[in-house]
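Below is one structure, written out as structure tokens, with a few remarks after it.
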Amino acid sequence: MPQDLYCWRCDRVLPMLTDEEWQSMEPLLMRVIEDVQRHRVITDGGLAAAMQSVDSLRALSFYERLTGFRETNPNALWHHRASLYGPPCTNCGKPLRTPQASYCPACGAKPSEHVFEKS
Numbered sequence: 107m108p109q110d111l112y113c114w115r116c117d118r119v120l121p122m123l124t125d126e127e128w129q130s131m132e133p134l135l136m137r138v139i140e141d142v143q144r145h146r147v148i149t150d151g152g153l154a155a156a157m158q159s160v161d162s163l164r165a166l167s168f169y170e171r172l173t174g175f176r177e178t179n180p181n182a183l184w185h186h187r188a189s190l191y192g193p194p195c196t197n198c199g200k201p202l203r204t205p206q207a208s209y210c211p212a213c214g215a216k217p218s219e220h221v222f223e224k225s
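Mapping to the working numbering: the sequence shown position 21 is 127, numbers consecutive.
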């Protein structure tokens, strides 16, 4: 079940996929990349044109079915995976940017100020 977490890139709280859900999402996103690459080879065109011409609806629809949130940018889905983020900051509550983060960029709390929970 998706977990709502703050996304640093999107600058808002969004549903993040579990690793199990990600196993189903990743092949759909890889297909988007393959289609973009194929389009660029065939047309000798740029990345922006290729991104607009490929069908990313499968990946976006799948994310919406899982989370109930309608994302419009397939590239954003690459970082909507809970395991990419660290534990919540004990000072401000936002997740650390990575599991190995050395400080919280939101509030500046240092590693010694964090209490990491073991899974």
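Even for Gly, the Cβ is constructed at its ideal location relative to N, Cα and C.
Just so we're clear, the structure is a prediction, and the values are computed from it rather than from any experiment.
Open item on the list: Does Asp110 come out as helix, strand or coil in the three-state DSSP assignment?
Closed with: Walking along the sequence shown from the start, residue 110 turns up at place 4. In the structure shown, Asp110 sits in a strand (DSSP, three-state: E or B).
Open item on the list: Taking only three categories from DSSP, how would you classify Leu202?
Closed with: Taking the sequence shown and counting its residues from 1, the one referred to as residue 202 is at position 96. Here Leu202 sits in coil by DSSP.
Open item on the list: So for Pro211, helix, strand or coil by DSSP?
Closed with: One-based indexing of the sequence shown puts residue 211 at position 105. Residue state, collapsed to three classes: coil.
Open item on the list: Could you compute how far the alpha carbon of Gly199 sits from the alpha carbon of Arg115?
Closed with: The count along the sequence shown starts at 1 and reaches residue 199 at position 93. The count along the sequence shown starts at 1 and reaches residue 115 at position 9. If you take the alpha carbons of Gly199 and Arg115, they lie about 17 Å apart.
Task: Between the CA atoms of Ala182 and His145 - distance to the nearest angstrom - done: Position 39 of the sequence shown holds residue 145. Position 76 of the sequence shown holds residue 182. Those two C-alpha atoms are separated by around 21 Å.
Task: Cβ shell of Pro194 (< 8 Å), same chain only, five flanking positions each side left out - done: Counted from its first residue, the sequence shown places residue 194 at position 88. Answer for Pro194: Lys200, Pro201 and Leu202, listed in chain order.
Task: Among Leu163, Ala215 and Arg171, the one whose alpha carbon lies nearest that of Met136 - done: As a position in the sequence shown, residue 136 is number 30, starting the count at 1. Considering only alpha carbons, the answer is Leu163.
Open item on the list: If you measure between the beta carbons of Leu120 and His186, is that distance less than 8 Å?
Closed with: Taking the first residue of the sequence shown as position 1, residue 120 is located at position 14. Taking the first residue of the sequence shown as position 1, residue 186 is located at position 80. It is a contact, given that the beta carbons lie within the stated cut-off.
Task: The alpha helix (DSSP H) enclosing Arg171, as first and last residue numbers - done: If you number the sequence shown from 1, residue 171 lands on position 65. Unbroken alpha helix (DSSP H) run through Arg171: Leu163 to Thr173.
Task: Per DSSP, the bridge partner or partners of Val119 - done: Looking up residue 119 in the sequence shown gives position 13. DSSP lists Tyr112 as partners of Val119.
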